[in-house]
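What follows is a single structure, written as structure tokens, with notes after it.
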Amino acid sequence: MGSPFAPTDSVELTKVRFSYLPGMPVLRDVSVVLRAGEFVSVLGANGSGKSTLARQLNGLLVPEYGTVSVFGRSTRDAETMSEIRASVAMVFQNPAAQMVAPTVVEDIAFGPGNLGLPRAEIRDRVDGVIARLSISHLASRSTTALSGGEQQLVAVAGALAMNPRILVLDEATSSLDGPSRRRVLGAVNEYRRDGVGVVSITHHMEEALDADRVIVMADGRIVFDGEPDVLFSPMMGVRRAAWRLGTPAAARISELISNSGRDCHVRVCRDPVAAADALLACEPTLRLRSAGGTGPSANVSANRESGEDAAMLTARGLSYAYGSTRSTGDPSRALDGVDLTVNAGTIHAILGASGSGKSTLLLALAGLIRAQSGDVKTAPGLSVVPVFQNPEDQLFAKTVSDDVAFGPRTQRLSRDEIARRVTASLDAVGLSEKEFGARGVLELSQGEKRRVAIAGVLALDPSILLLDEPTSNLDPASAELLHRIIRAWVDDKSESRAVVLVTHDAEEALELADDVTLLEHGHVAAVGPDAITTGRVEGVAMPYHVSFWTRLFTASSEVSAHDRAAAPPRTLAAVLGEVQAALHA
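Heads up: the sequence shown begins at 8 in the working numbering, then just goes up one per residue.
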């Protein structure tokens, strides 16, 4: 890829090697050039070295071997470190760790203030990023009263207020809902017009489609560096699987169109409407049938009960307000009259925008906060156990077996029963005790830590598992595996188990959940998966495959008026199957 930039307009890594522990390199002879004004997406499985690479870019980590030059300045030179840090701003995975001031406005102003800028310029910068990110409603809020997604928006705003030459996003969009994610990336693109470069580390494959360039890391090395259309082409499918990368819906649908046999070859269509129109241009008489796809997922147990008799947990009229905001003294209402029923044998997804009350509802269901009105009831003898957004933070024992055994030991079980539960729980999450039991917790990848943390909860033998964003920050292969683990755990004893899953990912909810409750500003806005597929709830983005199908189905001349009102298929696989069948009818 040719470079229109001068050498000093770039960050250059030359044969960089780095290890946290002796003899265990995390980066292996990495050489790469990252240019101002360029949007580079960095992909790779958990543990591939992406975050370590990011921390090399502004001197947070210094290589053991090799060099890092940031706009002509070496990260080994302590005297230039302040200039390096000002030119390369970073936003990390955990936004709470980056909050340094009591209010949002003060937090965003903190970085520019440290540069010694005049007050007027600081104010202009803060006002500018607040406007570009559309977060004026958060400006006077306390940083401690923000949801995780709202905190992440503020962290991005604080980084942009530094006017960096390169902005590094280390999975900074992972906790954002779809619209907020697009808003952040849209604002970042505006800054790119001013020459700001972007390095985005992400597990969202669809984000990589918008990059100028994609870098893939595996085992501490760069194994691909090129255009996204090349990475997501059919010929790269085997390599993507080996690197534990997913394939975005846009690429899979574009591949289907190109392989339709109608001599219709298209590049990867980012716009689902454009993709549908491209297919109809090739096959205007495509005969589609109504899929009626809003029923339970295909992997749901056929024996699942329903009705009030199957209710394991019910919430009625839950309302909760956090403390007063600094500016107004008014309480921040997180829940407002929420009703919820969780039936045996089901996975019940709670979906909504950042700040809609999802995590607060989970805390109330777990009994960790007491609602100011309403109540939560569980069937007699049932236990409810939560797993929070960063479950690996719950790991504290030296070895995997010891960590999983901690909960059962507190229940004063016999040694044999504890051993049985440890083995069974690790088996349930796909980690054999023989292979992983004696391993140190710190030796595990991010995905393995997540699974061990969940195994520790399963060892308590809960009836209802409360999961808050369990696949956040996981690579696509690890997320898919965790979905299978959750489904299998419920179906193993469907008469006495259930899961409540908090997510901001509409596609995840459609793929995995049997029931869906959508929250909006603290109240129940809709119930059922059809509320996702109609796109009528604020902050819940309609998945690509649903938008594609809706356009295709309604624009086709071969669809009856009755069928036009039918619900679209729930999953990407179902959409691909229906279109494939129509093409070969």
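Even glycine gets a Cβ: it sits at the ideal position worked out from N, Cα and C.
query                                                                                                                                : result
Straight-line Cα distance separating Asn266 from Pro119                                                                              : 52 angstroms
Environment of Thr510 [buried if 16+ CB atoms lie within 10 Å]                                                                       : buried
CA-to-CA distance, Val497 to Pro186, given in whole angstroms                                                                        : 31 angstroms
N-terminal and C-terminal residue of the beta strand (DSSP E) that Leu474 is part of                                                 : Ile471 to Asp475
Ser147 - DSSP class collapsed to helix/strand/coil                                                                                   : coil
Proximity winner among Ala116, Val163, Arg172 and Ala168, relative to Ser147 (alpha-carbon distances)                                : Ala116
Straight-line gap, Leu67 to Met88 (C-alpha atoms, nearest Å)                                                                         : 9 angstroms
CA nearest to the CA of Met319, picked from Ser141, Ala505, Ser326 and Val237                                                        : Ala505
CB of Val23 within 9 angstroms of CB of Ser38, strictly                                                                              : yes
Beta-carbon gap between Ala371 and Asn350 smaller than 9 angstroms                                                                   : no
Continuous beta strand (DSSP E) stretch holding Thr385: start and end                                                                : Ser380 to Thr385
Cβ pair count under 8 angstroms reaching 3, the region 69-83 against the region 229-243                                              : no
Per-residue burial, Asn480 [other beta carbons within 10 Å of its own, 16 or more giving buried]                                     : buried
Given Met31 as reference, the closest of Val95, Ser17, Ala282 and Leu451 once Cα atoms are compared                                  : Leu451
Cys276 vs Ala288 beta-carbon contact at 9 angstroms                                                                                  : no
Close beta carbons around Val534, own chain, < 6 angstroms, minus the five adjacent residues each side                               : Thr524
Burial state of Pro387, where buried means 16 or more other Cβ atoms lie within 10 Å                                                 : exposed
Pair within 9 angstroms by beta-carbon distance, Ser94 and Asn53                                                                     : no
As assigned by DSSP and simplified to three states, the class of Arg42                                                               : strand
Range of the contiguous beta strand (DSSP E) that encloses Ser554                                                                    : Counting along the chain, Ser554 falls outside any beta strand (DSSP E), though it belongs to the alpha helix (DSSP H) covering Tyr551 to Ala562.
Per-residue burial, Asp482 [other beta carbons within 10 Å of its own, 16 or more giving buried]                                     : buried
Beta-carbon contacts of Ser563 that lie in its chain and below 7 angstroms, excluding the five residues immediately before and after : Leu287, Leu293 and Leu295
Arg259 vs Leu583 beta-carbon contact at 9 angstroms                                                                                  : yes
For Ile3, three-class secondary structure by DSSP                                                                                    : For residue 3 there is no data in the structure shown, the boundaries of the chain being 8 and 592.
Cβ contact check for the region 125-141 and the region 200-215: 3 or more pairs under 8 angstroms                                    : no
From Arg188, Val175 and Leu60, residue whose alpha carbon lies closest to that of Asp226                                             : Leu60
Three or more C-beta pairs below 8 angstroms linking the region 355-364 and the region 174-185                                       : yes
Range covered by the alpha helix (DSSP H) that runs through Ser187                                                                   : Gly185 to Arg199
Cβ neighbours of Asp236 in the same chain (closer than 7 angstroms, five flanking residues each side left out)                       : Arg274 and Val275
Opening and closing residue of the beta strand (DSSP E) in which Ser176 lies                                                         : The residue you asked about is not Ser; residue 176 is Leu in the sequence shown. Ile173 to Asp177 is the span of the beta strand (DSSP E), which, as asked, contains Leu176.
Gln100 beta carbon less than 9 angstroms from that of Asp177                                                                         : yes
Stretch-stretch touch, CB-based, cutoff 8 angstroms, three pairs: the region 390-404 with the region 456-475                         : yes
Closest residue to Trp556 among Ala581, Ala538, Val205 and Gly546 (Cα-Cα distance)                                                   : Ala581
Contact with chain C by Glu262, beta-carbon distance below 9 angstroms                                                               : Going by chain labels, chain C is absent from the structure shown, which holds only one protein chain.
N- and C-terminal bounds of the beta strand (DSSP E) containing Lys441                                                               : No beta strand (DSSP E) contains Lys441, which is instead part of the alpha helix (DSSP H) from Glu440 to Phe443.
Helix, strand or coil at Glu19 according to DSSP, with G and I counted as helix                                                      : strand
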